[in-house]
Structures are given as structure tokens and as C-alpha cells.
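For reference, the structure is listed below as C-alpha cells.
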Amino acid sequence: MGEDLERLKQRIPLLEYLQRHNWTARRVGAQPEFVGLCPLHQETRPSLYVNARKNLFYCHGCGRGGDLIRFVELLLDLPFRQSVAHLEQELAPSAPASELLQQTATFYQLQLHRHPEAIRYLEQRGLRDHWPRCGKPAFAIPHAPSALI
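Each residue of the sequence shown is one higher than the one before, counting from 186 in this note's numbering.
Laid out in C-alpha cells, this is it:
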């Protein structure tokens, strides 16, 4: 499990994770160290230091520090295993847009067939001429080639 955790932390560096979540920081000195406001508590002066080379953080305001997993634990108030699962889910590749469009079109097609009043409404609006040759209403997402079901 230790190797998997190290790979997880390498796949998303702490600094990159913070920046993805709108953390703004400025470089401190010649080292790859950054400072910004700590999202773990209310403050007006930057006290959260992130060492990008070591992939660690420490806040001089609240005294908390650690690695990426520890940061997620503190930020989201999650136990260790849930923090790891959260990071893995965040890193999981999202479905391609065409797949999402297809799933959406399928969902609305099913809804049309479950609600006859929706079909009557479409007929009243004069959309019957745009139905496929099968004579049933179909749902298509505009600007999505071949999304017609």
C-alpha cells in the first residue's frame, strides 16, 4: 500500500492540488517554497508554506502540516482511507464528452417514452415532422453529430 500512496502523491503534487482549488501563493526565496493564506482556518496574513520539492506543507498559524493526504484529511474532515479514495476519484479520468452526450440523450429518450403527455406536447408544437422514420419521438442534443437516437 505504501508504494501506491507514493504513486498517488506523485501523480498530483500538493502545490498543483492547492492551485486547482484556487489557492494563490507567492514564491518565497530561491527554494521551491510558496506561501499563501491557509484554507484550514481564518486568517489575514499568509502562513501556509508549501515546499514543492518535498511535497509538504506547514501552517505557522494553526500549526498543522504534512503531505497531500494529510491536507485533504484536514481540509475535508475525512479519515485517512476516505481521503485517499477522494484523491483517487479526483484523479480518475472523466468520461469523454461524446459518451456523456450519449448517456444524456438516452436518459431523455427514456423519459419521453415514460411520459405520454410529453409526446403529446411535442406533437402540439409541430415537432412530429422531425421524428425519425420509425414514427417515434427521438431526443437529440444540438451540435452533437449523430446524437439522434
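Using N, Cα and C, we set each Cβ at its ideal position, and we do this for glycine too. The model shown is predicted, which means the values in this text are computed figures rather than measured ones.
{"Query": "Check whether the segment 213-224 and the segment 188-197 touch, using three or more Cβ-Cβ pairs below 8 Å as the test.", "Result": "no"}
{"Query": "Return yes when the Cβ of leucine 312 is within less than 8 Å of the Cβ of leucine 260, no when it is not.", "Result": "no"}
{"Query": "Return yes when the Cβ of leucine 200 is within less than 8 Å of the Cβ of aspartate 252, no when it is not.", "Result": "no"}
{"Query": "Which residues does DSSP pair with tyrosine 243 in a beta bridge?", "Result": "Tyr234 and Gly250"}
{"Query": "Helix, strand or coil for arginine 310, going by three-state DSSP, please let me know.", "Result": "coil"}
{"Query": "Under the rule that 16 or more other beta-carbon atoms within 10 Å means buried, what is glutamate 284, buried or exposed?", "Result": "exposed"}
{"Query": "Compare the C-alpha of arginine 212 against each of Ala237, Leu241 and Cys223 and name the closest.", "Result": "Ala237"}
{"Query": "Determine the closest residue to leucine 203 out of Cys223, Asp189, Glu188 and Gly187, with distance taken between C-alpha atoms.", "Result": "Cys223"}
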